[in-house]
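Before any comments, here is the structure.
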């Protein structure tokens, strides 16, 4: 995979494209899989030891957590793209300045977000129409979980920097250590100490803290020319603008899509505890399909970012084609396997037969069309990697927010059920793919090639 140029970095602008993308994407997938596995452990402990009310309480507010994290997840994309462009062009001084600007955004913004989220948790859950029977459990879980926000943001920002430099292996390794801490925490807090849903949230706090500390420590030990030094942390206005130019559209996209999903979640919550538990289990099973797609998208963002910075847009386009082919093949295979073995997959997260069947009915509607999500993720990642974050934001918001909510209202009027909710997803995926494909293949998003590729 690419020639080593500096310690802990990989040059993705040279070498065989397929090999470079696959080897770079594998640690992304490994990191996401580890995250999924210890989230699976959370739900297995909660769903099988504490019951479906506890499982529903955890699931009822899960999208709220995603929404709160959306801003900084988007900004970490901006940090990664700006870092990858600077590294691809060989400007190590700019890499250093980006790293210290990102650290200041993390500390100032992350701390404020954590405090605000904890204070407003009951209000948010009221908006989501969480049933009264599980409301106290949901408030308890979400508030303790929100104590992890600063750690989660620090990990995402630091991991984004490492990956932009071509190092996707180290974040995976540290996520693994966090996963071990999560399993140990769940065992101690839920099984031994009997803390209930508080134990699940406390285990998350422990695991995210471990992953964040290790990743930040690694950024402090990078090449001395651009490593993080705490005494030098300060925002540079020009770089804040660059990061926000790419990251803010991605953040707004993430938050508004999650907000539209919160509207969907409020509809699900109105269908009762069984439906909430079924969608909670479904979203966990769905991750086995989604995570490989996400991995190729994340890898393609860095690949396109480095090659754009190096003036090699045609190589970026070729990488995008490779990511699409590999992503579709893997997605079709995993979707088919989960549909065949759906009883086993859903039984991992609940022992309630009615919840298993409801979850499987959702999968039968969405999984046959999940290959569409590969195009959505990979094409939008290529465009962002080239520094054009606004167009994919507009396209995805129109389809995944405006169109999705409109279709939801229509379908729930005719068919108010979990199956009706499930229909919304493949319809809006198709709309996204159509619009993104038109924009991508027009080619205006990529700068003119400077160096022969």
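In the working numbering, the protein residues as written are 283 to 735. Don't be surprised by glycine CBs; every beta carbon is placed ideally from N, CA and C.
- Item | Sub-8 angstroms separation of residue 341 and residue 648 beta-carbons | In the chain shown, counting from the first residue as 1, residue 341 sits at position 59. In the chain shown, counting from the first residue as 1, residue 648 sits at position 366. No, Cβ-Cβ distance for residue 341 and residue 648 is not below 8 angstroms.
- If residue 549 and residue 412 are in contact, beta carbons under 8 angstroms, what's the gap, nearest whole angstrom? Counted from its first residue, the chain shown places residue 549 at position 267. Counted from its first residue, the chain shown places residue 412 at position 130. Contact between residue 549 and residue 412 is ruled out by a C-beta separation of about 13 angstroms, above the 8 angstroms threshold.
- Message: Is residue 518 close to chain C? Criterion is C-beta to C-beta, closer than 8 angstroms.
- Response: Of the protein chains in this structure there is only one, and it is not chain C.
- Within 10 angstroms of the Cβ of residue 625, are there 16 or more other Cβ atoms? Answer buried if so, exposed if not. Translated into positions along the chain shown, residue 625 becomes position 343. Counting Cβ neighbours within 10 Å, residue 625 comes out exposed, since fewer than 16 surround it.
- Message: Whether or not the region 653-664 and the region 509-522 are in contact is what I'm after, with contact meaning three or more pairs of Cβ atoms, one per stretch, closer than 8 angstroms; do they touch?
- Response: Contact between the region 509-522 and the region 653-664 is absent, with fewer than three C-beta pairs closer than 8 angstroms.
- Excluding five sequence neighbours on each side, which residues of the same chain lie with their C-beta closer than 7 angstroms to the C-beta of residue 380? The residue labelled residue 380 in the question sits at position 98 within the chain shown. Here the set comprises 361, 364, 365, 368 and 521.
- Message: Am I right that residue 424 and residue 403 are in contact with their C-beta atoms under 8 angstroms? What's the rounded C-beta distance?
- Response: Within the chain shown, numbered from 1, the residue matching residue 424 stands at position 142. Within the chain shown, numbered from 1, the residue matching residue 403 stands at position 121. With 8 angstroms as the limit, residue 424 and residue 403 qualify as a contact, their Cβ atoms being about 5 angstroms apart.
- Task: Whole angstroms is fine: what's the gap from residue 288's alpha carbon to residue 370's?
- Result: For the purposes of this step, residue 288 is identified with residue 6 of the chain shown, where counting begins at 1. For the purposes of this step, residue 370 is identified with residue 88 of the chain shown, where counting begins at 1. For residue 288, the pLDDT reaches just 47, beneath the cut-off of 50, and the residue's location in the model is therefore unreliable, leaving the point undetermined.
- Query: Under the rule that 16 or more other beta-carbon atoms within 10 Å means buried, what is residue 483, buried or exposed?
  - Reply: The sequence position of residue 483 within the chain shown is 201, counting from 1. When all chains shown are included, residue 483 counts as buried.
- Are residue 714 and residue 677 touching if we call contact CB-CB under 8 angstroms? Your numbering for residue 714 matches position 432 in the chain shown. Your numbering for residue 677 matches position 395 in the chain shown. The Cβ atoms of residue 714 and residue 677 sit closer than 8 angstroms to each other.
- Round the Cβ separation of residue 422 and residue 474 to the nearest angstrom and send it over; I've been treating them as touching at under 8 angstroms. Walking along the chain shown from the start, residue 422 turns up at place 140. Walking along the chain shown from the start, residue 474 turns up at place 192. The beta-carbon distance between residue 422 and residue 474, rounded to whole angstroms, is 19 angstroms. This is too long to meet the 8 angstroms contact definition.
- For the alpha helix (DSSP H) that residue 420 lies in, which residues bound it at each end? Looking up residue 420 in the chain shown gives position 138. From DSSP, the alpha helix (DSSP H) with residue 420 extends over 417-428.
- Query: Buried or exposed: residue 506, going by 16 or more other Cβ atoms within 10 Å of its Cβ?
  - Reply: Sequence index remark: in the chain shown, residue 506 carries index 224 (1-based). The residue in question, residue 506, is exposed, as its Cβ has fewer than 16 Cβ neighbours within 10 Å.
- Query: How close, in whole Å, do the beta carbons of residue 671 and residue 528 come, if the pair is a contact with beta carbons under 8 angstroms?
  - Reply: Taking the first residue of the chain shown as position 1, residue 671 is located at position 389. Taking the first residue of the chain shown as position 1, residue 528 is located at position 246. Taking 8 angstroms as the upper bound for CB-CB distance, residue 671 and residue 528 are in contact here, some 4 angstroms apart.
- Task: Could you check the C-alpha separation between residue 285 and residue 384 for me, to the nearest Å?
- Result: Stepping through the chain shown from its first residue, residue 285 is reached at position 3. Stepping through the chain shown from its first residue, residue 384 is reached at position 102. Bear in mind that the predicted position of residue 285 carries a pLDDT of just 40, short of 50, making it too unreliable to give a figure here.
- Query: How would you write the range of the alpha helix (DSSP H) that residue 634 sits in, first residue to last?
  - Reply: Sequence index remark: in the chain shown, residue 634 carries index 352 (1-based). The continuous stretches of alpha helix (DSSP H) do not include residue 634, and DSSP gives it neither H nor E.
- Query: Rounded to whole angstroms, how far is the Cβ of residue 567 from the Cβ of residue 645, which I believe are closer than 8 angstroms?
  - Reply: As a position in the chain shown, residue 567 is number 285, starting the count at 1. As a position in the chain shown, residue 645 is number 363, starting the count at 1. The pair is a contact, with the Cβ atoms about 7 angstroms apart (cut-off 8 angstroms).
- residue 708 vs residue 654 beta-carbon contact at 8 angstroms: The residue given as residue 708 occupies position 426 in the chain shown. The residue given as residue 654 occupies position 372 in the chain shown. For the 8 angstroms CB-CB criterion, residue 708 and residue 654 form a contact.
- Inter-residue Cα distance where the pair is residue 469 and residue 555: Along the chain shown, read from residue 1 onward, the residue named residue 469 stands at position 187. Along the chain shown, read from residue 1 onward, the residue named residue 555 stands at position 273. Straight-line measurement puts the Cα of residue 555 at about 26 angstroms from the Cα of residue 469.
- Where does residue 292 fall in DSSP's three states? Position 10 of the chain shown, counted from the start, is the residue given in the question as residue 292. Of the three classes helix, strand and coil, the one that applies to residue 292 here is coil, per DSSP.
- What did DSSP end up calling residue 367 once you bin it into helix, strand or coil? Residue numbering aside, residue 367 sits at position 85 when the chain shown is read from its first letter. DSSP places residue 367 in helix when its eight states are reduced to three.
- Given that a residue counts as buried once 16 or more other Cβ atoms are within 10 Å of its Cβ, and exposed if not, what is residue 666? To locate residue 666, count along the chain shown from 1; it is residue 384. Flag for residue 666 reads buried.
- Query: Any idea if residue 732 is buried or exposed, counting beta-carbon neighbours within 10 angstroms, 16 or more meaning buried?
  - Reply: Taking the chain shown and counting its residues from 1, one reaches residue 732 at position 450. In this prediction, residue 732 scores a pLDDT of 46, lower than 50, which makes its location untrustworthy; no coordinate-derived value is stated.
- Query: Helix, strand or coil: how does DSSP classify residue 502 here?
  - Reply: Indexing the chain shown from 1 puts residue 502 at position 220. Residue 502 falls in the coil class under three-state DSSP.
- Query: Counting pairs of Cβ atoms below 8 angstroms between the region 600-611 and the region 387-401, do you hit three or more?
  - Reply: Contact fails: fewer than three Cβ-Cβ distances are below 8 angstroms.
- Task: Inspect the CB distances between the region 304-318 and the region 351-360 and report whether three or more fall short of 8 angstroms.
- Result: Too few Cβ pairs lie closer than 8 angstroms, so no.
- Task: Measure the Cβ-Cβ separation of residue 657 and residue 718 and say whether it is below 8 angstroms.
- Result: For the purposes of this step, residue 657 is identified with residue 375 of the chain shown, where counting begins at 1. For the purposes of this step, residue 718 is identified with residue 436 of the chain shown, where counting begins at 1. A contact, by the Cβ cut-off of 8 angstroms.
- How should residue 636 be labelled, buried or exposed, when 16 other C-beta atoms within 10 angstroms of its C-beta is the threshold for buried? Within the chain shown, residue 636 is the residue found at index 354, counting from 1. Residue burial annotation: residue 636 is exposed, with fewer than 16 other C-beta atoms found within 10 angstroms of its C-beta.
- Sub-8 angstroms separation of residue 489 and residue 460 beta-carbons: In the chain shown, residue 489 corresponds to position 207, counting from 1. In the chain shown, residue 460 corresponds to position 178, counting from 1. With a cutoff of 8 angstroms on beta-carbon distance, residue 489 and residue 460 are scored as near each other.
- Quick one: complete alpha helix (DSSP H) runs, 4+ long, within the region 549-604? With a minimum length of 4 residues, the continuous alpha helix (DSSP H) runs that stay inside the region 549-604 are 555-591.
- Would you mind giving the Cβ-Cβ distance between residue 516 and residue 640, rounded to the nearest angstrom? I have them listed as a contact below 8 angstroms. Working through the chain shown from its first residue, we reach residue 516 at position 234. Working through the chain shown from its first residue, we reach residue 640 at position 358. About 52 angstroms separates the CB atoms of residue 516 and residue 640; that is not less than 8 angstroms, and the two are not in contact.
- Expected contact under 8 angstroms - CB spacing of residue 497 and residue 464 to nearest Å: As a first step, residue 497 must be located in the chain shown, where it is residue number 215. As a first step, residue 464 must be located in the chain shown, where it is residue number 182. Not a contact, Cβ separation roughly 15 angstroms.
- Task: Indicate the three-state DSSP secondary structure (helix, strand or coil) for residue 625 in the structure shown.
- Result: Position 343 of the chain shown holds residue 625. In this structure, residue 625 counts as helix in the three-state DSSP scheme.
- Item | Three-state secondary structure (DSSP) of residue 307 | The residue given as residue 307 occupies position 25 in the chain shown. Look at residue 307 here: in three-state DSSP terms it is helix.
- Mind checking residue 691: buried by the 16 CB within 10 Å criterion, or exposed? The residue labelled residue 691 in the question sits at position 409 within the chain shown. Burial call: exposed.
- Item | Sequence-distant residues of the same chain with beta carbon closer than 6 angstroms to residue 494, five excluded per side | Within the chain shown, numbered from 1, the residue matching residue 494 stands at position 212. For residue 494, same chain residues with a beta-carbon under 6 angstroms away, outside a window of 5 residues either side, are 433, 436 and 437 in chain order.
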